[in-house]
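Written below as structure tokens is the structure these notes are about.
Encoded structure:
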């Protein structure tokens, strides 16, 4: 499934597909894809899961621990960094890669999702959104141009169009939101000035196949170097999410990466790859860690449970992460009870490893043309 | 300054000096000593600073980070581990080394200091101390025998006699406390059953030279494999602390390590080594880190200060730690303001490195017979 280099040569001349980026599809099994997305900070092997460093730090782990875990892409949040420490400060410090010491690919979201989540304190109009800071209540305004400007200051490799994420079941709202998202996508593409960042368009449309189709058709005309699928994992059922992925997948161009935003449960990663997704991100592994829960290949463990008090075994006997190689459930439970910060670190390392290792296995399985079987077994083993 | 092997051969037959341990004095400059304390978990190079892992975790750093920092000895607290998770659980999990994944030398205190610090909720008698748990208020009792029993369950290489630490200026209290400490030291030696642990006696006596002398004379008759100097850094002045070290140092046997408990400010380490101390421990580096302060060779930085907001420099341009090699003051200040756990980790790494590196430099300076000059310059540069 090697791509024809001529196709990429042609694409490189388009304004939204800077020289620094191209996606190489390496293997395909049914809809599942294995590829490489080349960025100015190195190649990203896909399918990929991106840990989230909301405030320029993946909570409770250090960049060298992330490096040891083999993370390929880190996401950081425009809304949070704009408010604190400020995108101009980050730019002054040499950009996000240098600021947080992550020399590999990075992605920033547009800030849209966070701003729209501030229900009651934000006001949307055709031009943008006015909102109040969750830190000090001060008023701020994001427009598509402002979002791109902030993301250019932050300097991630992949940046996102400013979009509107509507409640998944609200037809009228989604009709309006799709139109607004499209108009804003055009404005984002126009506002972009840096050639070392790839701007991804975001497909919206809730659970409505026709709106999703309309959204893909509009956005692909703009020829973005990658496409995100937004507005999923926001309240709809799993079958509805899968159905939308199945609508969107065949319409998206094969030679561009597809990014399913905010999705990271192990079964969702497998289901996403089955439906053509290349990139995922989610706070789940580090958030669960701070709530004392360990992700495993078969389900979740809550390490506060008294049943683990005398348990000399690691979280997962087959896991090769630093935590499982060196620490018992009894020790982890003790750290949690004693409120030691190391608990969150060790659980984050394990949870991140579980997802990153899963993606490595999925990638290999696609190359070896056995991903369908792998997925079937994996999903069958979930408790 | 190599020791005569015959002396050690003779000493090895004594009950308190197990085969597994011996101290080798390698170099001496005036009172400053460089040596090796051999333990069942490897040699400890002295002078040494021990990071504190109160609850079987050095707060906010992982054992592999401690290993990278070159920590040689970790201290853990008997009082805390007895209460949570319980010393019997730790024993069941293979002992403290295995439980917390620290394969190098470890030390536990006796629990005495913590228990005596519970003013108002503890009651002392000749046999021991009754106290209430700070966790749930439940009543507990420590005796010398109980302390040794707990420490044998924990299984550190170096364990401490159960002592009474009196307020430094209270003459009458110190007279009583010294006698009690001596009687308890005899009982601790008698209660000890494991040969793979070295029991250190603790010299008490407040700021009173005659009591300190009396304490050293009594304890050295018991021929412990090492001696701690307790009851310092508990409210007395620095000149008073130095004066007591100068009283104690020449009286202690040259072929046993000396451990100054609870001391860890950089200038105190230098001043301690100048006065014959081999081992130190303190929560200072990790506690300061959690209060946003960085230890440097010349003073302290509080990284919350607005002056660091745009500062692209590391904490200390000459420091070779992971934090200083990779992160700016501006980033650290951002992590603190954003309440990211990574702040405490990165500051702990830096602060621990500062002290551990200082000890390595001191050791080298003693070998090269230039420690007096090193100390003078170091103390002269402190702000």
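Protein chains in written order, with our numbering: chain A, 2 to 384; chain B, 2 to 384.
A virtual CB, placed ideally from N, CA and C, is assigned to each residue, including glycine.
Asked	Found
Counted within 10 angstroms of its Cβ, other Cβ atoms place residue 382 of chain A as buried (16 or more) or exposed	exposed
C-beta neighbour in chain B for residue 377 of chain A, strict 8 angstroms	no
Interface residues of chain A facing residue 60 of chain B [CB-CB closer than 8 angstroms]	341, 342 and 343
Nearest to residue 193 of chain A (by Cα), restricted to the options A:167, A:179 and A:154	A:154
Residue 82 of chain A versus residue 216 of chain A - alpha carbon distance	29 angstroms
Continuous alpha helix (DSSP H) stretch holding residue 367 of chain A: start and end	343-368
Endpoints, the beta strand (DSSP E) within which residue 104 of chain B is located	Note, residue 104 of chain B: premise wrong, no beta strand (DSSP E); not H, not E.
Residues near residue 176 of chain B by beta carbon distance below 8 angstroms, same chain, minus five either side	212
Residue burial classification, residue 127 of chain B (beta-carbon count within 10 angstroms, cutoff 16)	exposed
is_contact[residue 327 of chain A, chain B] using C-beta, thresh 8 angstroms	yes
Per DSSP, cross-strand counterpart(s) of residue 282 of chain A	A:51
For residue 264 of chain B and residue 108 of chain B, the rounded distance between their alpha carbons	15 angstroms
Inter-residue spacing [alpha-carbon to alpha-carbon] between residue 8 of chain A and residue 225 of chain A	At residue 8 of chain A the pLDDT is 34, less than 50, meaning the model places this residue with poor confidence and gives no usable figure here.
Cutoff 8 angstroms: residue 330 of chain B Cβ touching any chain A Cβ	no
DSSP bridge partner residues for residue 303 of chain A (one or two, in chain order)	A:294
Alpha helix (DSSP H) segment containing residue 276 of chain A, residue limits	No alpha helix (DSSP H) holds residue 276 of chain A; DSSP gives it neither H nor E.
Cβ contact check for the stretch 267-282 of chain A and the stretch 44-55 of chain A: 3 or more pairs under 8 angstroms	yes
Residue span of the beta strand (DSSP E) that contains residue 200 of chain A, given as start and end	199-204
Rounded straight-line distance, which links the Cα of residue 80 of chain B to that of residue 138 of chain B	14 angstroms
Residues near residue 210 of chain B in its chain [Cβ-Cβ closer than 8 angstroms; skip 5 each side]	244, 245 and 248
Same chain, Cβ closer than 7 angstroms to residue 272 of chain A, five either side skipped, listed in chain order	243
Classification of residue 151 of chain B by the beta-carbon crowding that lies within 10 angstroms, buried from 16 upward	buried
DSSP state of residue 132 of chain A mapped onto helix, strand, coil	strand
Within 8 angstroms, strictly: CB atoms of residue 293 of chain A and residue 350 of chain A	no
For residue 44 of chain B: DSSP bridge partner residues	B:39
With 16 other Cβ atoms within 10 Å as the buried cut-off, status of residue 47 of chain B	buried
DSSP state of residue 56 of chain B mapped onto helix, strand, coil	coil
Three-state secondary structure (DSSP) of residue 188 of chain A	helix
Sufficient close CB pairs (3 or more, under 8 angstroms) joining the stretch 26-34 of chain A to the stretch 318-325 of chain B	no
Interface residues of chain B facing residue 288 of chain A [CB-CB closer than 8 angstroms]	Those within 8 angstroms of residue 288 of chain A in chain B number zero; the least Cβ separation is about 13 angstroms.
CB contact below 8 angstroms: residue 47 of chain B versus chain A	no
Contact test: residue 213 of chain B Cβ vs the ligand ADP heavy atom, cutoff 7 angstroms	No copy of the ligand ADP occurs in the structure displayed, which carries no ligand at all.
Residue 61 of chain B classed as buried or exposed, judged by whether at least 16 other C-beta atoms fall within 10 angstroms	buried
Residue burial classification, residue 306 of chain B (beta-carbon count within 10 angstroms, cutoff 16)	exposed
Contact between the stretch 358-366 of chain A and the stretch 341-348 of chain A (3+ Cβ pairs under 8 angstroms)	no
Chain B contact for residue 57 of chain A (CB, 8 angstroms cutoff)	yes
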